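To start, the structure itself, in structure tokens.
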Amino acid sequence: MAFKEIELNMGPQHPSTHGVLRLKLAVDNEVVLSVEPILGYLHRGMEKLWESQTYTQIVPLTDRLDYLASLSNNLGFVLAVEKLAGVEVPKRAQVIRVVLAELQRLASHLAWVGFMANDIGAMSILLYGFEQREDILDIFEEYIGGRLTVHGIRLGGVPRDLDGPLIARIKTVLDAIPHTLHDIQALLNENRIWKQRTVGVGVISPAEAVERGLTGPPLRATGVARDTRKDFPYSSYDDFDFDVPLGKNGDVYDRYRVRMEEINQSIRLIRQALEALPPGDVRAKVPRLFKVPAGEVYHAIEAPKGELGFYIRSDGSEKPDRVKMRSPSFINLQSLALMCQGNLFADVVGILGSLDIVLGEIDK
Amino acid sequence: MPEKPVDEAALRDEERALRDRFPESVREAAFEKGELTVDVGRASLLEILRFLKFERGFSSLTDIIALDLLRSRGETASRFVLLYELTNFAARIRLRLRLEAGADESAPSAVPVFKSADWAEREIFDMFGLRFEGHPCLNRIYLPDEFEGHPLRKDFPLEGRGHGL
Amino acid sequence: MTDGGSRPPFLLTRADQFITWAQKNSLWPFGSGLACCAIEMIATAAARFDIARFGMELFRSSPRQADLFIVAGTVTNKMAPIIRRLWEQMADPKWVVAMGNCAVSGGPFPTYSVLQGVDKIIPVDIYIAGCPPTPQGLLHGLMTLQEKIARSRPTQEIFRTDARETG
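Chains as they are written, first to last, in this note's numbering: chain U, 221 to 584; chain B, -3 to 161; chain A, 454 to 620.
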């Protein structure tokens, strides 16, 4: 068969690129030779915008970064500001933040498994995942009014307390999720078609993954045990017991298994947190025009997509001098080219899906 | 914030190790808010990064951050500053290197040492216009190639200069 | 309503009613999911809010096969020419819904790279405010679009090329 390199364009309008991502593929018949992502179709100038907003105003804007896990973005940003300003967050607020952040992780992973399976062709999983996710979004809506861009974690703590009925509602949802998870896993885990499309596809070695700055489930699927909640604990995560699921082969299948197991671990965390809610305030007093003392700080959290970090430099006023977001999807996407090399062209969609990228976070 | 207390002793060890190995290149070191920032000279940036990566266990270049200090320093030679966030996961410590970009607004590229620097440097080139010597393919990453200006500079207006639609 | 002149003939109004009934109940959306609003659009298409009730479950990925362009999310200057080209690729009759504050007027992003409203490049029929609009909001907007289609006069477009009017 004669060698013929073809250049293909995928996106930015494409059902499976998870947003406006453009990929330039060079293929030899069906085998991928190289992948070059072209970004910027959702570049909204967030970092520039933040320099002209007060810290309080920036918090809701961070919702729009990783829009599938907006509470994680809120948490990452407010923790960095609180570290810089030396704000003491009450213990009850910290535990509520754990509950909210882990509920958000559940919602993000359920949406992810839906999209991933839909890309491979199993559309029912999209409906199962989204239906279960709706219950979690209902909790957010009852808590603070937002479904998707929640803005439920604020500077100093959380805006509202979790009262008895809401806690009972959360527990009901936590009881229901394992059934949905069981349904999804029964359909996918030992499914011959799913395994043929995911096992051994998009492999990356642990050394290559660390070298390229990969974080989150794609890194843990290669067997490297790194989780910011364990390595650099924040917001009282070290008070709770949870495991960090690891994979072995670093392929798409292991990434799927890692995220499914993370759902179980998140449920475990939320149950512990709900039992351990200490009495007290839910928010420290933080003025609306919050003048943060001059200095700089970097703080990272474990978002559902990976290590989400915020670098903030303050000049002493109520608006930051510089805010830089360390975006996990941006850094993870750099590894796409290596993961796709040598695989079939049809697998690019599966590999891209397994990285769990969100363009809002990549393009800022 | 009652997080795990930062191991200041471990960070000071790293500072001492750097000073011992690179006495002329390591300038100030400041420990604030539980974070260590070490000022380094440009000439030995790559060697310092290699030393930290291979001999001190800082296996991850978490991020590269650029600052435009126009407001505080004016249009001087030291207008742009680069920060390299490094993480040692085994020892659970982070370290920050600080580098002045210089009057020609360029710096050595960290890609030969850490592949994860690739897109981070392209982003800084796109947003600030700083060039990285030795980068394999220094193009804009977000904005179209024909865009004029570098948005994150302090003298670039938020709403742009009317080059859009 | 504003067509002036004599009332249109009975057969043509009946034909209009039939055509618009068919059009509004079988809109095929071209889901241009750009940002956060896209997730709410997908949630509207999922089981709980079920856009299929309105005949719109068949989200097409190719503009050639769609007649409703839902611009869901922020349109950046880089993406704008592509949105314009996609809209041009759709065949008439077509409708555009600007979903979310970003598509309506740039949203919370008055920045150098964001188009301040998709109506700067393509004509918009329905504007749905919200950041993001809830699925109920999107459905309300789509129902409003259906009412707008019901008021339109397709037969007049066939017989009079200068009259492309809707109520």
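We put the CB at the ideal spot given by N, CA and C, even for glycine.
These numbers were taken from a predicted model, which means no experiment stands behind them.
Hey, A/Arg537 and A/Ile574: beta-carbon distance below 7 Å or not?
Taking 7 Å as the Cβ cut-off, A/Arg537 and A/Ile574 qualify as a contacting pair.
Can you name the residues of chain U whose CB is closer than 7 Å to the CB of A/Pro561?
Listed by position along chain U, the residues whose Cβ is nearer than 7 Å to that of A/Pro561 are Leu281.
Within the stretch 431 to 514 of chain U, note down every full alpha helix (DSSP H) run reaching 4 residues or more, in order along the chain.
Listed in chain order, they are 437 to 440, 448 to 451 and 472 to 495.
For the alpha helix (DSSP H) containing A/Ala556, list its first residue and its last residue.
Annotation for A/Ala556: the continuous alpha helix (DSSP H) segment containing it runs Asn554 to Ser558.
Comparing C-alpha positions only, which one of A/Val577, A/His593 and A/Ser566 sits nearest to A/Gly583?
Distances from the CA of A/Gly583 to each of A/Val577, A/His593 and A/Ser566 were compared; the closest alpha carbon is that of A/His593.
I want to verify the contact list: residues of chain U whose CB lies under 7 Å from the CB of B/Leu63, in sequence order.
Residues of chain U whose Cβ lies closer than 7 Å to the Cβ of B/Leu63 are, in chain order, Arg533 and Arg542.
The stretch 541 to 554 of chain U in contact with the stretch 570 to 578 of chain U per 3-pair CB rule at 8 Å
Result yes; three or more Cβ-Cβ pairs closer than 8 Å.
For U/Glu482, count neighbouring Cβ atoms within 10 angstroms of its own Cβ and tell me buried if that reaches 16, exposed if not.
Label assigned to U/Glu482: buried.
Counting only the same chain and skipping the five closest in sequence on each side, list residues whose C-beta sits under 6 Å from that of B/Arg225.
Since the first and last residues shown for chain B are -3 and 161, residue 225 of chain B lies out of range.
B/Asp16 - containing alpha helix (DSSP H), residue span
For B/Asp16, the enclosing alpha helix (DSSP H) begins and ends at Glu4 to Arg17.
CA-CA distance, A/Phe463 and B/Asp141?
So the two alpha carbons sit approximately 58 Å from each other.
Give me the Cα-Cα distance between U/Leu243 and B/Cys133, rounded to the nearest whole angstrom.
For U/Leu243 and B/Cys133, the distance between alpha carbons rounds to 17 Å.
Hey, is B/Arg8's beta-carbon within less than 7 Å of any beta-carbon in chain U?
Residue contact with chain U for B/Arg8: absent (no Cβ-Cβ distance below 7 Å to any residue of chain U).
Nearest-angstrom Cα distance between U/Pro540 and B/Met123?
Going by the C-alpha atoms only, they are around 17 Å apart.
Taking C-beta to C-beta, are B/Val107 and B/Leu45 nearer than 7 Å?
Going by C-beta atoms, B/Val107 is not nearer than 7 Å to B/Leu45.
Less than 7 Å between C-beta atoms, sequence neighbours within five positions excluded: which residues of the same chain meet that for U/Val309?
Closer than 7 Å at the Cβ level, and outside the excluded window around U/Val309, lie Glu302, Gly376, Gly377 and Ala504.
CA nearest to the CA of B/Leu82, picked from B/Leu66, B/Ser56 and B/Ala103:
The residue with the shortest Cα to Cα distance from B/Leu82 is B/Ser56.
Span of the alpha helix (DSSP H), counted from its first residue to its last, around U/Asn552:
First-last of the alpha helix (DSSP H) with U/Asn552: Pro548 to Leu553.
Could you check if U/His519 is buried or exposed, using at least 16 other CB atoms within 10 Å of its CB as the buried criterion?
Counting every other CB atom within 10 Å of its CB across the protein chains shown gives U/His519 a total of 16 or more, marking it as buried.
Within 7 Å of any Cβ in chain B, is that where the Cβ of A/Lys477 sits?
Not one chain B Cβ lies under 7 Å of A/Lys477.
Just tell me which of U/Ile521, U/Glu250, U/Lys224 and U/His238 has its CA closest to the CA of U/Phe565.
The residue with the shortest Cα to Cα distance from U/Phe565 is U/Glu250.
Where A/Thr497 falls, given that 16 or more other Cβ within 10 Å makes a residue buried
A/Thr497 sits buried, since 16 or more C-beta atoms from the chains shown fall within 10 Å of its C-beta.
Look at the alpha carbon of U/Leu241 and the alpha carbon of A/Pro534, and state the distance between them as a whole number of angstroms.
Answer to the nearest angstrom: the Cα atoms are 15 Å apart.
Opposite U/Ile258 in the DSSP bridges: which residues?
Partner(s): U/Arg242.
Strictly below 7 Å CB to CB, what residues from chain B border U/Asp355?
At a beta-carbon threshold of 7 Å, none of the residues of chain B lie near U/Asp355; the nearest stands roughly 32 Å away.
Between which two residues does the beta strand (DSSP E) holding U/Tyr531 run?
Counting along the chain, the beta strand (DSSP E) containing U/Tyr531 begins and ends at Gly526 to Ser534.
Against B/Gly166, what residues of chain A qualify as contacts under a CB-to-CB distance less than 8 Å, listed in chain order?
This structure cannot speak to residue 166 of chain B, because chain B is shown only from -3 to 161.
Less than 7 Å separating the beta-carbons of A/Leu568 and A/Val524?
Result no, Cβ atoms of A/Leu568 and A/Val524 do not sit closer than 7 Å.
Heavy atom of the ligand NAP within 6 Å of U/Arg412 beta-carbon:
Absence of the ligand NAP from the depicted structure is noted, as is the absence of any ligand whatsoever, leaving it without description.
Measure how close the beta-carbons of A/Ile581 and A/Gly570 come, nearest whole angstrom, since I'm counting them as under 8 Å.
Separation of the CB atoms of A/Ile581 and A/Gly570 is rounded to 13 Å, and the pair is thereby denied contact status at 8 Å.
So what's U/Tyr348 in DSSP terms, helix, strand or just coil?
Collapsing the DSSP output to three states places U/Tyr348 in a helix.
Min CB distance A/Lys601 to chain B below 7 Å:
No, because no Cβ of chain B sits closer than 7 Å to the Cβ of A/Lys601.
Reducing DSSP to helix, strand and coil, say where U/Asp339 ends up.
The answer is helix: DSSP assigns U/Asp339 an H, G or I state.
Note down the Cα distance separating U/Ser537 from U/Ala305, rounded to an integer number of angstroms.
C-alpha separation (whole angstroms): 12 Å.
Best match in A/Pro482, A/Met596, A/Arg501 and A/Cys555 for proximity to U/Arg284 [C-alpha to C-alpha]:
Of the listed residues, the one whose Cα sits closest to U/Arg284 is A/Cys555.
Just to check my reading of the structure: U/Arg317 and U/Leu281 have Cβ atoms closer than 8 Å, yes? What is that Cβ distance to the nearest angstrom?
The beta carbons of U/Arg317 and U/Leu281 sit about 19 Å from each other, so the pair does not count as a contact at 8 Å.
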